[in-house]
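One structure is given below, encoded as structure tokens.
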Amino acid sequence: MTFFIPSGKSLRWALPLLLLTACTDSNTSNTTHNKTVVQGEQPDILVQNMDTIVQPGDDFFQYANGGWIKGTPIPADETNYGIAQLVMEDLYTRKKTINEESVKADDPNDIQRKIGDFYTAANDTVAIEKGGIEPLREALTKINGIATPADVMMVSAYLHQMGVGVFFGEGAGQDAMNSAKMAYYLMQGGLGMPNRDYYLKTDARTSGIRTAYEGYIAQLLAASGTQDTAATRQRAKAVLALETKLAKISRSVEALRDPYANYNKMTVAGLQKTTPRINWQTTISGIGAANVDTVIVGQPEFYKALDGIVGSEPVAVLKDYLTFHTISDFAPYLTTALGDARFNFYGKAIRGAEAQRPRWKRVLDAQEDAMGEMVGQLFAEQYFDKNAKARYSDMVEKVREAYKVRIQKLDWMTDSTKAKALDKLARMTKKVGYPDKWKDFSAMQIGKKSYAENMMAAHRWWNNYSLSKLGKPVDRTEWDMTPQTYNAYYNPSNNEIVLPAGIFTVPGRMDASLDDGLVYGYAAASTIGHEITHGFDDEGRQYDADGNLKSWWTKKDEEEFKKRADVLANQFSNIVALDSTRINGRMTLGENLADLGGLLLGVDAFKMTQTYKENKPISGLYPMQRFFLGYSLGWLYQIRDAELANRLITDVHSPAKWRVNGPLPNVPEFYTAFKIQPGQKMYLPDSARVKLW
Ligand SMILES: [Zn+2]
């Protein structure tokens, strides 16, 4: 995924989105589908998926995946369908089992007790319906009591503690310029719709969404106690107008991508001078951050203008804004009517979804957010044991070694840059499967009584946990994803690659049953090698080995890199992906480079294994053949034409088919493994191949 929200955190600010790159898949859908998992006798998944009518040298993607594609229609409510959906289905089933077993556990430990109680409360729909918005009573009473702008900020601080990110975004994070220190960030925020464009664009679709938003605000305000619909509609209009003011003072998505322009370190006293009506010292300490005297303000002009808005807007409108956001954020954990209202706006109007996922999956998603790492402890025990952890840790080391050898041999990189690249590579931290040290969740208050209160307690716990890091050394052992996540990331601030157990899942198979050829293609190439090369591309090289924003390439290296990368850009720009539409080789260059780099490193790493050296065929396929088929399994997808057309202009990743057929012609071992000959469609003469890593 290009962007993702790290689980387990109430993410109220935008900085992690600037820093992390995660690339496994941009198209995980949320809808459900049952898939047949063969139990007992397990057919060879690679053989099962193949279409041997096709020549591997003509269309390897089809050769590897065609059998599955022919036998698997795209479900009616999906625009694309493939490996991500199959893996996610497996992961949901595993998490459900963990919950059911925790509920039934005779003598549960604290983790099982919390998981079981959470699941029990979330499934007690009778109590949930009966409770209405009662779980929010304390918050709503505080909002009702507001009389002055100062009260507004005090109550806002209280709401931030429970994850309701009103007016602005904030949180503790590594200082982008000094990654050894934790810093307190203040970012633009407070919008109920995804970004400023939704408030300001005038096209018919966006205008329609705004009308739906106003209706949604009115519906929730009515749920808080009013009956008069005409008056409620007026109040909703005023809330939307208030948020539009916030949108106007917010930066665009593009402007937020500049890490320097969104970094403005200042003292709290300095910030205070630009915002005379908001007392930041009391607001920040009200949220729970103690002894903060310096802050990093993402967008200072936003804060200056926010001061004017909070100081001059009618208090009644500010109260409605707070009421609406409080109910909206907790709607999924309250009554069906409120949950549906939220889905109708965020799911249907914004994302075009037709139906909600079944309740049990929504509950597991909420749990993932609240306490995913607790579930992860049990998940790791059952599905990713020490052997699996050792297998993939060793794989990362082999990929690292392969990259080291390749960098040393590069004829285009200057020695000084090579030395820095090798240093950065050697010091890159690997996190594999699950954390070595689990967080201590004992203080999180989870009970059987109320789903919404459990979510509130979890948000409070995460808020305290995060803010308690201020002033302490950075804990670089932490994970921002749970073990059961089907994703991975490279975090430049920590110079680390994080590979949750979920990313190694092959649908319907236990890890121990998978051969090295398959897993090196599936994981070493498409994920590990891919993510590691991101640390050295035009984005990753902006950060040094310590994780600080500081470019370490010479001008000459940069030119050589670009010259060689251009060859790949041109190859992709010549690919016709749909009718007469070609891939945009420039837009997708970074990801295509990572795919090619990942394949080359994966091949080299695989060559270090015993499996490769012994060269024994499995199901009639030699290990290196299984490597390339395993790689293609990672891109097992089919997609509707309309969705493909849309992605060709919006997605920085190439379509799945071309993540296979695009880079492979540049990989020498592909030719030998499948005896690819001149004249076949995928054949490229050596002089036309990319020579980068
Ligand atoms: Zn990527």
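Per our numbering, the very first residue in the sequence shown carries number 67; after that it's consecutive.
Ideal placement from N, C-alpha and C gives every residue a C-beta, glycine not left out.
### Query
Straight-line CA distance for Ser95 to Thr548?
Low confidence applies here, because Ser95 scores a pLDDT of 34, under 50, leaving its location unreliable and the question unanswered by this model.
### Query
Can you tell me whether Tyr22 is buried or exposed, with buried defined as 16 or more other CB within 10 angstroms of its CB?
Examination of residue 22 is not possible in this model, given that the chain is present from 67 through 759 alone.
### Message
Short of 7 Å in beta carbon distance, which residues of its chain neighbour Tyr458, apart from the five on each side in sequence? Order them along the chain.
### Response
Val498, Gly499, Leu565, Phe570 and Ala589
### Task
In the DSSP assignment, find the unbroken alpha helix (DSSP H) run with Ala518 in it and report its ends.
Tyr517 to Leu533
#### Entry: Ordered list of beta strand (DSSP E) runs contained in the region 337 to 371, each at least 3 residues
360 to 363
### heavy atom of ligand 1 below 6 Å from Glu657 C-beta
yes
### Query
For Ala660, is the beta carbon positioned less than 6 Å from some heavy atom of ligand 2?
Absence of ligand 2 is noted for the structure shown, with ligand 1 being the only ligands found.
#### Entry: Cut-off 8 Å between Cβ atoms - residues of its own chain near Pro751, not counting five sequence neighbours on either side
Pro744
#### Entry: Own chain residues within Cβ distance below 8 Å of Arg417, not counting five before or after
none
### Task
For Val498, name the three-state secondary structure that DSSP assigns.
strand
### Query
How many angstroms separate the CA atom of Ser685 from the CA atom of Ala456?
26 Å
#### Entry: Cut-off 8 Å between Cβ atoms - residues of its own chain near Ile353, not counting five sequence neighbours on either side
Ala223, His226, Gln227, Glu236, Asn529 and Leu533
#### Entry: Between the CA atoms of Tyr586 and Met461 - distance to the nearest angstrom
8 Å
### Query
Hey, quick one: how far does the alpha helix (DSSP H) through Asp639 stretch, first residue to last?
The question names Asp, but residue 639 is Ser in the sequence shown. Residues Lys621 to Ser639.
### Task
Measure the CB-CB distance between Trp478 and Glu626 and report whether it falls below 7 Å.
yes
### Task
Whole angstroms is fine: what's the gap from Ala554's alpha carbon to Pro501's?
14 Å
### Secondary structure, beta strand (DSSP E): runs of 3+ residues fully inside the region 553 to 603
555 to 557 and 562 to 566
### Query
Do you know offhand how far Thr87's Cα is from Tyr556's?
In this predicted model, Thr87 has a pLDDT of only 38, less than 50, meaning its place in the structure is not dependable enough to derive any value.
### Task
Mind the definition here: the region 700 to 711 touches the region 631 to 638 only if three or more C-beta pairs lie below 8 Å; say whether that holds.
no
### Task
Classify Thr647 as helix, strand or coil using the three-state DSSP reduction.
strand
### Query
In three-state terms, what does DSSP make of Met253?
strand
### Message
Just to confirm my understanding: we take Leu157, look at its own chain, exclude 5 residues before and 5 after, and list those with CB closer than 8 Å. What are they?
### Response
Gln550, Tyr552, Gly568 and Thr571
### Query
Quick one: Cα of Lys747 to Cα of Pro558, how far?
38 Å
### Rounded separation between Thr102 and Val726 - CA only
Below a pLDDT of 50, predicted positions are generally treated as unreliable, and Thr102, at 34, falls in that range; the measurement from the model is reported next regardless. Near 26 Å, if we compare the C-alpha coordinates of Val726 and Thr102.
### Query
Can you list the alpha helix (DSSP H) stretches of 4 or more residues lying completely in the region 644 to 689, in chain order?
655 to 673 and 676 to 680
### Query
What is the DSSP secondary structure of Thr333, counted as helix, strand or coil?
strand
### Query
Since Ala307 sits in a beta bridge, which residues does DSSP pair it with?
Ala307 is not bridged to any residue.
#### Entry: Other residues of its chain near Ala432: CB distance less than 6 Å, five sequence neighbours each side excluded
none
#### Entry: Residue closest to Met510, alpha-carbon to alpha-carbon, out of Ala302, Val305, Ala523 and Tyr517
Ala523
### Query
What separation, rounded to the nearest whole angstrom, lies between the Cα atoms of Phe507 and Asp359?
29 Å
### Message
Can you give me the C-alpha to C-alpha distance between Ala297 and Ala708, rounded to a whole angstrom?
### Response
42 Å
### Query
Do you know how far the Cα of Leu662 is from the Cα of Trp765?
In the structure as shown, the chain starts at 67 and stops at 759, and residue 765 therefore has no counterpart that could be examined.
### Message
Whole angstroms are fine: how far does the CA of Phe184 sit from the CA of Ala171?
### Response
14 Å
### Message
Please report the distance separating the alpha-carbon of Phe234 from that of Leu252.
### Response
7 Å
### Message
Measuring alpha carbon to alpha carbon, tell me which residue in Asn614, Ser646, Glu657 and Thr620 is nearest Ala635.
### Response
Glu657
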